[in-house]
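Trainee:
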Amino acid sequence: MRWLSLERKISVAFLLGLLLVIAVSAIAWISIQRLRADARSVQHTHLVLTQLGTMLATITDIETATRGYAITGDRNYLNPYDDALAVLDTRFAQVRESTADSPRQQSLLRTLEPVMAARVANAASVVRARRDQGRDAAEGIIQGGEGKRLHDRIRELIVQMMKEESDLLPPREAKARMMARFALSSIVAGALLAVLVGIGALIAVRRGFARLRLGELRLRRSNRGLQRASQRAEQADRLKSAFLATMSHELRTPLNSIIGFTGILLQGLAGPLNPEQDKQLGMVQTSARHLLALINDVLDISKIEAGELRVDCLPFDLRAALIRVADIMRPLAQAKGLALRLELPPELPPVHGDQRRVEQIVLNLLGNAVKFSERGEVVLSAEAQAAFVCLRIRDTGIGIKPDDMHTLFLPFRQIDTGLARHHEGTGLGLAICRRLAALMGGEIRADSTWGKGSTFTFMLPYQGAPNA
Ligand SMILES: Nc1ncnc2c1ncn2[C@@H]1O[C@H](COP(=O)(O)OP(=O)(O)OP(=O)(O)O)[C@@H](O)[C@H]1O
Ligand SMILES: [Mg+2]
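Residue numbers (the numbering used here): 8 to 475.
1. Using C-beta distances below 6 Å, list every residue in its chain close to LEU426, excluding the 5 sequence neighbours before and after it, in chain order.
2. Going by other Cβ atoms of all chains shown within 10 Å of its Cβ, with 16 needed for buried, is GLN112 buried or exposed?
3. Given this structure, state the Cα-to-Cα distance separating ARG98 from GLN58, to the nearest angstrom.
4. Would you check whether ligand 1 has a heavy atom nearer than 6 Å to the C-beta of ARG465?
5. In whole angstroms, what separates the C-alpha of ASP90 from that of ALA124?
6. Listed in chain order, which residues are found with a beta carbon closer than 7 Å to a heavy atom of ligand 2?
7. For THR71 and LEU95, which I take to be in contact (beta-carbon distance under 8 Å), what is that distance rounded to the nearest angstrom?
8. Roughly how many angstroms lie between the CA atoms of THR456 and THR403, to the nearest whole one?
9. By a C-beta neighbour count over all protein chains shown, 10 Å radius and 16 as the cutoff for buried, is ARG213 buried or exposed?
10. Among residues of its own chain, excluding the 5 on either side of GLN167, which ones have a beta-carbon nearer than 7 Å to its beta-carbon?
11. What is the residue span of the beta strand (DSSP E) that HIS359 lies within?
12. Would DSSP call LEU417 helix, strand or coil?
13. So, does the segment 333 to 340 touch the segment 356 to 375, judging by three or more C-beta pairs under 8 Å?
14. Below 8 Å, how does it come out for the segment 188 to 197 and the segment 147 to 165: are there three or more Cβ pairs, yes or no?
15. Helix or strand or just coil, what does DSSP make of VAL396?
16. Quick check on the burial criterion: 16 or more other C-beta atoms within 10 angstroms. Buried or exposed for ILE271?
17. Can you give the Cα-Cα distance for PRO282 and LEU345, rounded to whole angstroms?
18. Out of LEU54, TYR88 and VAL122, point me to the one whose CA is closest to GLN101's CA.
19. With which residues is ARG348 paired in a DSSP beta bridge?
20. Let me know if GLN367 comes out buried or exposed under the rule of 16 or more other beta-carbons within 10 Å of its beta-carbon.
21. Which residue marks the beginning of the alpha helix (DSSP H) containing SER309, and which one marks its end?
22. Near SER229, what residues of its chain come up, given a Cβ to Cβ distance below 6 Å and the 5 sequence neighbours on each side ignored?
23. Could you tell me the alpha carbon to alpha carbon distance between GLN292 and GLN234, rounded to whole angstroms?
24. Between LYS459 and the rest of its own chain, which residues show a CB-CB distance below 8 Å, the 5 nearest in sequence each way excluded?
Structure follows, in structure tokens:
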């Protein structure tokens, strides 16, 4: 039961209880119906017995009345005789109807009917003889014995019918008693079962509530732990930001000095340099520039991830910015023997955004295109669309495998290709570009064919991001 939720447990208990109540009610209802039917059949037996007894009494009335009249000649003796004659047919019909479902009783009734008719005719002849011929004639008929024989035969048949009916009584009564016992025991058993299920459900629900309370307690405890951990994380994050800001300041200042002073030395402003010195200083300057770019990238991504980087939303001349970036990249492309072409429309609609960040994005995309191409050309094109300017940087370089496309924009990810490994970089460029583009309300997509070249599309909105 542990795998059931508290809600389910309550529903199951309710359903089980309901099913049990329905089952117990159905059993009790069927038992009561059967009990009533059996009681009715017992009642019916008693009714038939009473009707048969009454019919015998009516016949006996006829017998007694005719004898009394025959002996005394007193007309008053004939009153029960008249009454009996008046009801005899009705009594017979009642018995016939009550025993209609018993073929045996119906066959006995068919035997009884002519005997009764003969008995009534015999009694009528006694009455007539007494009235018309006197006592001797009437007694003569009585002593003839026909009336007694018929009466005995009637009694015999009725007693047989009574016996037939009485024989049905014990099994009917036993069945009725059994049904009563069954009804009672099924109701008691059902009630007991319902109580047991109720107790079981109560225990399960109480346990469920206890577990729920325990779970709640644990949840509260772990919530408190989480809160503490999140506070610690926030504090650590603040420390990290502060550390990065300080470190970047501390690192950038001397780096800028190194770059600046090596520049002065390289220009010969502090005196002439021999070729070896010139070479060594050049390497110092390149390394310092590289380190500065790296520090700037790390600082950018940290700020973006901390939600602290803000972008401007000011109007600027996009066309001029693109030409400037291309000019910066051209010497590098030429050094590799690549053609860097611009496909810009004569005019581009004015753009509201952060010019420095747009240039940073295009510079990185162009830098990648030059870095990862060994021959052919790099093309920077722009196309004005409804709400965006669509900037495309297309190259004929090494391309990207479909499997590597999903890691392209993750920070510190450089695709592990034999060729790409030879290129310097930290793998931060595209991650920063995508986040910067999103901050300006735009996006960057990449399409590439392995071994043939890549196209990076930068969609820049005219109006910048609403929250920028
Ligand atoms: N035009 C391209 N052609 C082929 N591969 C590319 C291209 N642009 C990016 N990539 C792949 O995506 C990886 C990530 O690019 P990203 O600009 O983020 O890093 P990076 O150029 O290696 O280093 P960083 O830009 O930080 O100096 C690259 O290392 C390279 O493998
Ligand atoms: Mg790059």
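Glycine included, each C-beta is placed from N, C-alpha and C at the ideal position.
Mentor: Taking the definition as stated:
1. If you number the sequence shown from 1, residue 426 lands on position 419. Because LEU426 sits at a pLDDT of 48, beneath the cut-off of 50, its placement in the model cannot be relied upon, and the point is left open.
2. What you label residue 112 is simply residue 105 of the sequence shown in a count that begins at 1. Result: buried.
3. Working through the sequence shown from its first residue, we reach residue 98 at position 91. Working through the sequence shown from its first residue, we reach residue 58 at position 51. Their Cα atoms are separated by approximately 7 Å.
4. Against the sequence shown, residue 465 aligns to sequence position 458. Residue identity differs from the one stated: residue 465 is Phe in this sequence, not Arg. No; taking the cut-off as 6 Å, the Cβ of PHE465 has no heavy atom of ligand 1 nearer than that.
5. Here residue 90 is taken as the residue at index 83 of the sequence shown, counted from 1. Here residue 124 is taken as the residue at index 117 of the sequence shown, counted from 1. Cα to Cα, ASP90 sits roughly 16 Å from ALA124.
6. ASN371, GLY374, ASN375, LYS378, GLY432, GLY436 and LEU437
7. On the sequence shown, residue 71 is found 64 positions in, with the first residue counted as 1. On the sequence shown, residue 95 is found 88 positions in, with the first residue counted as 1. Not really, about 14 Å apart at Cβ, beyond 8 Å.
8. Here residue 456 refers to the residue found at position 449 of the sequence shown. Here residue 403 refers to the residue found at position 396 of the sequence shown. Using only the alpha carbons, I get a separation of about 10 Å.
9. Taking the first residue of the sequence shown as position 1, residue 213 is located at position 206. It is exposed - the Cβ of ARG213 has fewer than 16 other Cβ atoms within 10 Å.
10. Stepping through the sequence shown from its first residue, residue 167 is reached at position 160. Cβ neighbours of GLN167 beyond the five flanking positions: LEU115.
11. Your numbering for residue 359 matches position 352 in the sequence shown. Note, HIS359: beta strand (DSSP E), 358 to 360.
12. On the sequence shown, residue 417 is found 410 positions in, with the first residue counted as 1. Correct three-state label for LEU417: coil.
13. yes
14. no
15. Residue numbering aside, residue 396 sits at position 389 when the sequence shown is read from its first letter. Strand, per DSSP.
16. On the sequence shown, position 264 is the one that residue 271 refers to. Answer is exposed; the Cβ neighbour count stays below 16.
17. Reading the sequence shown from its first residue, position 275 is the one you call residue 282. Reading the sequence shown from its first residue, position 338 is the one you call residue 345. Approximately 29 Å, taken between the alpha carbons.
18. Residue numbering aside, residue 101 sits at position 94 when the sequence shown is read from its first letter. Answer by Cα proximity: LEU54.
19. Start at 1 with the first residue of the sequence shown, and residue 348 comes out as number 341. Partner(s): VAL386.
20. As a first step, residue 367 must be located in the sequence shown, where it is residue number 360. So GLN367 counts as buried.
21. Locating residue 309 in the sequence shown gives position 302, counting from the first residue. First-last of the alpha helix (DSSP H) with SER309: 282 to 312.
22. To locate residue 229, count along the sequence shown from 1; it is residue 222. The answer is none, since no qualifying residue turns up.
23. If you number the sequence shown from 1, residue 292 lands on position 285. If you number the sequence shown from 1, residue 234 lands on position 227. Between GLN292 and GLN234, the C-alpha separation is close to 48 Å.
24. To locate residue 459, count along the sequence shown from 1; it is residue 452. Correct list, in chain order: THR403 and GLY406.
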